[in-house]
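Worksheet: one structure, shown below.
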Amino acid sequence: MENEGRMSRLASMLRRRGVILPSFEIYGGVSGLVDYGPVGASIKRRVVDCWIDHWTGIPNVREIDSPTITPESVLQASGHVGEFNDHMSECKGCKRVFRSDHLLEGIHENPDTLDASKLDDEISRNGVCCPSCGSSEWGVSSPMNLMFRTSIGPMGNARAAY
């Protein structure tokens, strides 16, 4: 809990000073998306430059720049499509959504190994309360793919991508 308070105060200070700003705030914003102000953009650029300098300083390591979007077939072959899922649980009280395994941290030894039904059983059996409103009523855990699906190309000829 103490770390959460510190992180909240740090995020608040960074917003007040314009280092990071909530993206699209005047339109309601989107949780997790931020814009970097002038100082934040400079800090980010220096971190990226240090990272690149570190890795390209190793013999036979070279920098490349690839597209942000990758065809689905590539990510299926690498296992990313099938494995990049987290189970999410919705609080029936406040409708906020949380990672199911995070709700069981400190209760179950290894919650990220549980399937959806076992996550639901453990959450119910242990009377896990919502971190936001305190309710102990939860919806059924469901998987959420962590990659953003899109299409490459026009309508009928579009290829799935992430």
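So the sequence shown is numbered by our numbering: it starts at 230 and just counts up by one.
Every residue gets a Cβ at the ideal spot worked out from N, C-alpha and C, and that includes glycine.
> Which partner residues of valine 263 appear in the DSSP bridge assignment?
Replying inline: According to DSSP, valine 263 bridges with Pro251.
> Mind checking histidine 329: buried by the 16 CB within 10 Å criterion, or exposed?
Replying inline: Note that residue 329 corresponds to serine in the displayed sequence, not to histidine. Buried: at least 16 other Cβ atoms inside 10 Å.
>> By DSSP's criteria, arginine 388 is part of a beta bridge. Which residues make up the other side?
In response: Paired residue(s): Ile381.
>> So the candidates are Gly368, Arg244, Ser370 and Asp341; which of them puts its Cα closest to the Cα of aspartate 264?
In response: Residue Arg244 is the option with its Cα nearest to aspartate 264.
>> For a minimum of 3 consecutive residues, which ranges assigned as the beta strand (DSSP E) are wholly contained in the region 310–369?
In response: For secondary structure counted as the beta strand (DSSP E) over 3 or more consecutive residues, the region 310–369 holds these complete runs in sequence order: 314–319 and 326–328.
>> Just verifying my parser: in three-state terms, what is the DSSP assignment at serine 371?
In response: Strand.
> Could you give the distance in angstroms between the alpha-carbon of glycine 363 and the alpha-carbon of serine 380?
Replying inline: Between the C-alpha atoms of glycine 363 and serine 380 there is a straight-line separation of about 40 Å.
>> Using C-beta distances below 8 Å, list every residue in its chain close to tyrosine 391, excluding the 5 sequence neighbours before and after it, in chain order.
In response: Closer than 8 Å at Cβ, skipping near neighbours: Ile298, Thr299, Glu301, Leu304, His309, Val310, Met376, Phe377, Arg378 and Thr379.
>> Which residue marks the beginning of the alpha helix (DSSP H) containing asparagine 289, and which one marks its end?
In response: From DSSP, asparagine 289 is part of no alpha helix (DSSP H); its letter is neither H nor E.
> Taking the C-alpha atoms as reference points, what is the distance between methionine 373 and phenylalanine 253?
Replying inline: Taking the straight line from one Cα to the other gives about 24 Å.
> Count the other CB atoms within 10 Å of the CB of leucine 262; is the residue buried (16 or more) or exposed (fewer)?
Replying inline: Leucine 262 comes out exposed.
>> Using C-beta distances below 8 Å, list every residue in its chain close to methionine 317, excluding the 5 sequence neighbours before and after it, in chain order.
In response: Within the same chain, and ignoring the five residues on either side of methionine 317 in sequence, the residues whose Cβ sits closer than 8 Å to its Cβ are Val326, Phe327, Arg328, Ser329, Ser370, Ser371, Pro372 and Met373.
> Between lysine 321 and cysteine 358, what straight-line distance do the alpha-carbon atoms span, to the nearest angstrom?
Replying inline: Using only the alpha carbons, I get a separation of about 11 Å.
>> As a quick exercise: from Trp367, Glu338, Ser361 and Gly335, pick the residue whose alpha carbon is nearest that of aspartate 350.
In response: For aspartate 350, the nearest C-alpha among the options comes from Trp367.
> Cβ of glycine 266 within 8 Å of Cβ of glycine 247?
Replying inline: Yes.
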